[in-house]
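Everything in the sequence shown is counted per the numbering used here, starting at 21 for the first residue and increasing by one.
Ideal Cβ placement from N, Cα and C applies to all residues, glycine included.
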Amino acid sequence: MKFVASLVAALAATSAFANAPAATPASKGDPKAAESIVNQVCAACHAVDGNSVAAANPKLAGLNAEYINKQLTEFKSGARKNAIMSGMVANLTPQDMLNLAAYFSAQQPKPATSKDQALALQGQKIFRGGVMGAGVPACASCHGPQGKGIPAQFPRLAGQHSEYIYTQLNAFRVEARANDAAKMMR
Numbered sequence: 021m022k023f024v025a026s027l028v029a030a031l032a033a034t035s036a037f038a039n040a041p042a043a044t045p046a047s048k049g050d051p052k053a054a055e056s057i058v059n060q061v062c063a064a065c066h067a068v069d070g071n072s073v074a075a076a077n078p079k080l081a082g083l084n085a086e087y088i089n090k091q092l093t094e095f096k097s098g099a100r101k102n103a104i105m106s107g108m109v110a111n112l113t114p115q116d117m118l119n120l121a122a123y124f125s126a127q128q129p130k131p132a133t134s135k136d137q138a139l140a141l142q143g144q145k146i147f148r149g150g151v152m153g154a155g156v157p158a159c160a161s162c163h164g165p166q167g168k169g170i171p172a173q174f175p176r177l178a179g180q181h182s183e184y185i186y187t188q189l190n191a192f193r194v195e196a197r198a199n200d201a202a203k204m205m206r
């Protein structure tokens, strides 16, 4: 489990990865149309600009729009389980979700920092090369060499809260989260 902690520390510490938003906008999403929903529903946990300050809540700024839309859709359908998010998306229409995806993907992600540089360096090695002896592939092979993600299946990890990534990796490991394609994360 130490390699997981190393990985998340590296991702959070690599501020160079967190400089640009995702390049792909949501198809037919209107960021302007999402603003009232963002202000009324999303901002309390994720901040208006998508850069949540609470480590338990993911940063949405700069995530790929298709990935955001997929997650919102799966929270609504129950394919991804989270009692809070299920309630938040209950009244959203498919167009609302596309609009939110376009809005947050267009926001500028803010870099994160690591409190433990040695752990961050160890995590960077795992991110780039995996852990061969443990059967852990390099994260970069799916999330991209700079952690910006690959649409729509693989989210941006660069700049994300290390605590959030750690929680999600553990959720995949114990199958509390099971909305990954072909069980890649389990």
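From the options, pick the residue whose C-alpha is nearest to that of residue i; which is it?
{"i": "Lys168", "options": "Arg176, Cys162 and Arg193", "result": "Arg176"}
{"i": "Ser134", "options": "Ala75, Tyr87 and Tyr123", "result": "Ala75"}
{"i": "Met204", "options": "Asn59, Glu55, Val156 and Gly70", "result": "Val156"}
{"i": "Tyr186", "options": "Asn77, Asn59 and Ala126", "result": "Asn77"}
{"i": "Phe95", "options": "Cys159, Glu195, Asp50 and Asn111", "result": "Asn111"}
{"i": "Ala99", "options": "Ala198, Pro51 and Ile57", "result": "Ala198"}
{"i": "Gly107", "options": "Leu92, Ile146 and Leu189", "result": "Leu92"}
How is residue i classed by DSSP in three states: helix, strand or coil?
{"i": "Val58", "result": "helix"}
{"i": "Thr187", "result": "helix"}
{"i": "Val151", "result": "strand"}
{"i": "Val73", "result": "coil"}
{"i": "Val109", "result": "helix"}
{"i": "Glu94", "result": "helix"}
{"i": "Leu141", "result": "helix"}
So, is the C-beta of residue i closer than 8 Å to a C-beta in chain B?
{"i": "Arg100", "result": "This model lacks chain B altogether, as it is built from one protein chain only."}
If you follow the alpha helix (DSSP H) that residue i is part of, which residue opens it and which one closes it?
{"i": "Cys162", "result": "Ala160 to His163"}
{"i": "Pro114", "result": "Pro114 to Ser125"}
{"i": "His181", "result": "His181 -> no alpha helix (DSSP H), and no H or E assigned at all."}
{"i": "Ala64", "result": "Ala63 to His66"}
Can you pull the DSSP bridge partners for residue i?
{"i": "Val156", "result": "Val151"}
{"i": "Phe174", "result": "Ile170"}
Would you grab the beta carbon distance between residue i and residue j for me? Rounded to a whole angstrom, and I think it's under 8 Å.
{"i": "Ala54", "j": "Asn119", "result": "4 Å"}
{"i": "Ala121", "j": "Ile88", "result": "4 Å"}
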